[in-house]
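Colleague: Got a structure here, written out as structure tokens. Questions coming.
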Amino acid sequence: MTAITSTRITQLLLGGMIADAYGVPYEFRPRQAMAKRRMDGYGTYDQPAGSWSDDSSLTLILAANLLENGSLNDLMDKMVTYLDGAYTPMGECFDIGNATRKAIIAYAQGTEPRMAGDRSPAANGNGALMRIAPLAVSLLNEPDSTVRRQVITDTTIVTHGHERSVIASVIYVELLRHLLAGEPLAVSLTAARDAIKDVGFSAQELSYYQWLFTPSFPLLPESDIRSSGYVVDTLEAAVWLNFQPETYPQLVMHAVDLGEDTDTVAQIAATIYCAAHPNVEFPKAWRNDLILPRDIAVLIARFAARFSVGN
Ligand SMILES: [Mg+2]
């Protein structure tokens, strides 16, 4: 059994949310050093400082779903409410990916959850990857890799039905599980690679992730790292950032400086960072700026209490 404290689970969620909020005003900007140290507001979405976006909202929805029955219908029902502003900092949904929106609408019109996600290769944005981290907590001590893979697959395909998105989700969740178990980043990444090998994924789709697993990947220059909303780019950027010798705030600012999908790259990179660093500290000002409605704070506390192990 891997022990995990409720504090660590809380840090994992908050670390992602803070990074998301830090990145929100800069989404879609080109790559540039911004050298900012405070959490900004407005910018791309004209939201006040501390506003987190779909990345966090959809992550919180999965956490809420796992606290209840974990059914895919319940997960989709909660996503429907997100369109009307549930699970948001200010009661408004200001950011959502195309594939996710389409899937939610398809579900609301009667499509089965497992059929709701677009299965075309063009629908491989990071919309499933951005919300899947709670599974690393709920599946932390699930010993059966087939069961884990099935849960990760089901949770992914409700919005992103293509195999490439499923593979990304498996890599990310398995990486987080191994980090939470105290294994170093390189070792955890190898374990994630082993989790997608010889389990039925097509060689062609696996080849999209070959760069991530080459030994020289951490040494690639920043100019070789893409930070777009394409799921492969986002996962690569988030993992690459974690190989740089940086503190939490340095990592988040670096992610945002990469430009393009700033909030999601920052959120995923920060979640990996928090999984790898049990004693992560957030800048006090950023933590204070984060908009945290009471019901969201309660949800996080309930999730953390429910899935803590051995304390
Ligand atoms: Mg976002």
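The numbering of the sequence shown is our numbering, which starts it at 84 and goes up by one. Built from N, CA and C at the ideal position, the CB exists for glycine as well. Computed from a predicted structure; not experimentally measured.
#1: Could you pull the start and end residues of the alpha helix (DSSP H) that His337 belongs to?
#2: Can you check which of these residues, Ala116, Leu218, Ala104, is closest to Ala132 by C-alpha distance?
#3: What did DSSP end up calling His360 once you bin it into helix, strand or coil?
#4: If you compare alpha carbons, which of Asn152, Ala182, Tyr190, Glu246 is closest to Thr164?
#5: For Asp346, is the beta carbon positioned less than 7 Å from some heavy atom of ligand 1?
#6: In whole angstroms, give me the CA-to-CA distance for Glu364 and Glu329.
#7: When you measure from the CB of Ser136 to every non-hydrogen atom of ligand 1, does any distance come out below 7 Å?
#8: Mind checking whether the beta-carbon of Asp178 lies closer than 7 Å to any heavy atom of ligand 1?
#9: Under 8 Å between the Cβ atoms of Ala264 and Thr85?
#10: Mind reading off the beta-carbon distance from Pro204 to Arg247? Whole number of angstroms is fine, and I expect it under 8 Å.
#11: Let me check understanding here. Comparing Cα to Cα, which of Asp123, Leu334, Gly180, Lys280 lies closest to Thr76?
#12: According to DSSP, is Tyr313 part of a helix, a strand, or is it coil?
#13: What residue from Ala349, Met122, Ser306 has the CA that sits closest to Arg370's CA?
#14: When you compare only the Cα positions, how much space is there between Thr239 and Tyr292?
#15: Which residues bound the alpha helix (DSSP H) around Thr49?
#16: Are the CB atoms of Leu324 and Ala359 nearer to each other than 8 Å?
#17: Nearest by alpha-carbon distance to Leu149: which of Arg385, Val339, Val392 is it?
#18: Using the C-alpha atoms, what's the distance from Pro172 back to Asp378?
Modeller: So, from the data block:
#1: First-last of the alpha helix (DSSP H) with His337: 331 to 340.
#2: Answer by Cα proximity: Ala104.
#3: The answer is coil: DSSP assigns His360 none of H, G, I, E or B.
#4: Cα-wise, what sits closest to Thr164 is Tyr190.
#5: Yes, Cβ of Asp346 sits closer than 7 Å to a heavy atom of ligand 1.
#6: Within the model, the alpha-carbon separation for Glu364 versus Glu329 is close to 12 Å.
#7: Answer for Ser136: yes, Cβ within range of ligand 1.
#8: Yes.
#9: In this structure, Thr85 lies closer than 8 Å to Ala264 by Cβ.
#10: 7 Å between Cβ atoms; contact.
#11: Residue 76 cannot be examined here, being either before or after the span of the chain that is shown, 84 to 394.
#12: Strand, per DSSP.
#13: Among Ala349, Met122, Ser306, the Cα nearest to that of Arg370 is on Met122.
#14: The alpha-carbon atoms of Thr239 and Tyr292 are separated by roughly 17 Å.
#15: Because the chain in this structure spans residues 84 to 394, residue 49 falls outside the shown range and cannot be described.
#16: Contact check for Leu324 against Ala359 fails: the beta carbons are separated by 8 Å or more.
#17: By alpha-carbon distance to Leu149, the top candidate from Arg385, Val339, Val392 is Arg385.
#18: Spanning the two alpha carbons is a distance of roughly 10 Å.
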